[in-house]
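Peer 1: First the structure, which I've put down as structure tokens, then a few questions once you've had a look.
In the UniProt record's numbering, the protein residues as written are 1 to 289.
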């Protein structure tokens, strides 16, 4: 049996593995590889003893089917587990330990298990994918991201939307002789939706400057996009740039005068704009007597 090695380490978590049975060193999983594994001796503990597993984990759930697609996990525990698989060889069996600590360094959770990597199906590298496969992958990640938003898993959703956007960008530059015009329009529409979705995620954490950049990217492709204008308005208001926010929300109301959310947003911003205008008027009066 070999010595325990560190797979990944940072102040709040450390991942280690110890090889029990070596595998074939010529076959190692990488991004988008399909792995068939067998888990055993799974144990989850904290400072008080045995505890429940992370509920969002698929790999450590009772319904896990033994298949892992590298790069397709959402739970932080499953993503950490992917790091272990990427440092295993086909046929290898290892003992794995994942330790998580809180801000004060106390043990929050420790997961230990035995992993057997039975099979690795090598996939074509992403850089070699054709535009059709890249587009399908972009749609796939976007749809999962939308579902994660519904589950209020904002951070996980943000990763999915980012991955989807990367797939679209990998298609560029678009060759009109290869990709028909209607499909190009669909790709642009998807890109706008992704920028909007990423902006939504950033707003959940009051990241207003990042939201502005994302909304501006969406509006570059669709200047009259109501969602991008509304979210940019929200970001401007968060930065106390009320005149800019007012201009955006007025544009949204021009597009749909009955938009209840936009009406409510306008009502909340209007007193700030009126105060700014009043102060400006008073300054002018003082200046000119």
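Ideal placement from N, C-alpha and C gives every residue a C-beta, glycine not left out. Predicted model only: the values in this text are computed from it and were never measured.
Residue 98 lies in the beta strand (DSSP E); which residues open and close that run?
Peer 2: First-last of the beta strand (DSSP E) with residue 98: 93–101.
Peer 1: Along the alpha helix (DSSP H) that carries residue 183, what are the first and last residues, could you check?
Peer 2: 181–203
Peer 1: Beta-carbon separation of residue 175 and residue 113 under 7 Å?
Peer 2: no
Peer 1: Taking just the CA atoms, how far does residue 228 sit from residue 273?
Peer 2: 21 Å
Peer 1: Who are the near neighbours of residue 165 in its chain, counting only those whose CB is closer than 6 Å to its CB and skipping five residues on each side?
Peer 2: 194
Peer 1: Counting only runs that start and end within the region 79–156, where is the alpha helix (DSSP H) found for 4 or more residues in a row?
Peer 2: As far as the region 79–156 is concerned, its whole alpha helix (DSSP H) runs of at least 4 residues are 131–150.
Peer 1: Have a look at 149, 236, 222, 150 and flag the residue whose alpha-carbon is nearest the alpha-carbon of residue 211.
Peer 2: 236
Peer 1: When the Cα atoms are used, what is the spatial distance from residue 204 to residue 216?
Peer 2: 18 Å
Peer 1: Report the option in 62, 172, 82, 266 whose CA atom is closest to the CA atom of residue 68.
Peer 2: Among 62, 172, 82, 266, the Cα nearest to that of residue 68 belongs to 82.
Peer 1: Tell me which same chain residues have a C-beta within less than 8 Å of the C-beta of residue 3, skipping the five on either side of it?
Peer 2: 18
Peer 1: Got a sec? Which residues, its chain only, sit under 6 Å from residue 77 by beta carbon, not counting five neighbours each side?
Peer 2: 54, 57
Peer 1: So residue 111 and residue 135 are in contact, right, with Cβ under 8 Å, and what is the actual spacing, rounded?
Peer 2: Not confirmed; about 36 Å, so no contact.
Peer 1: Relative to the C-alpha of residue 276, which candidate in 254, 263, 246 has its C-alpha closest?
Peer 2: 246
Peer 1: Within the same chain, show all residues whose beta-carbon is closer than 8 Å to that of residue 206, passing over the 5 residues directly before and after it, in chain order.
Peer 2: Same-chain partners within the cutoff: 238.
Peer 1: Report yes if the C-beta distance between residue 160 and residue 144 is below 7 Å; otherwise report no.
Peer 2: yes
Peer 1: In angstroms, rounded to a whole number, what distance separates the CA positions of residue 37 and residue 248?
Peer 2: The straight-line gap from Cα to Cα measures roughly 52 Å.
Peer 1: Could you name the residues of the same chain whose beta carbon sits closer than 6 Å to that of residue 96, not counting the 5 residues immediately before and after it, in chain order?
Peer 2: 17, 84, 113, 115
Peer 1: Any idea what DSSP makes of residue 231, helix, strand or coil?
Peer 2: helix
Peer 1: Specify, as a first and last residue, the run of the alpha helix (DSSP H) that residue 225 falls within.
Peer 2: DSSP places residue 225 in no alpha helix (DSSP H); its state is neither H nor E.
Peer 1: Who does residue 68 pair with in a DSSP beta bridge?
Peer 2: 35
Peer 1: What is the DSSP secondary structure of residue 46, counted as helix, strand or coil?
Peer 2: strand
Peer 1: Roughly how many whole angstroms lie between the Cα atoms of residue 177 and residue 184?
Peer 2: Approximately 11 Å, taken between the alpha carbons.
Peer 1: Closest by CA to residue 99, which one among 14, 198, 142?
Peer 2: In this structure, 14 is the residue among 14, 198, 142 with its C-alpha nearest to the C-alpha of residue 99.
Peer 1: DSSP has residue 252 in a bridge; who is on the other side?
Peer 2: According to DSSP, which records beta bridges pairwise, residue 252 is partnered with nothing at all.
Peer 1: Secondary structure at residue 163, three-state DSSP: helix, strand or coil?
Peer 2: helix
Peer 1: Give me the Cα-Cα distance between residue 66 and residue 142, rounded to the nearest whole angstrom.
Peer 2: 24 Å
Peer 1: By Cβ distance, which residues of its chain are closer than 7 Å to residue 154, with the 5 residues on each side in sequence left out?
Peer 2: 201, 204
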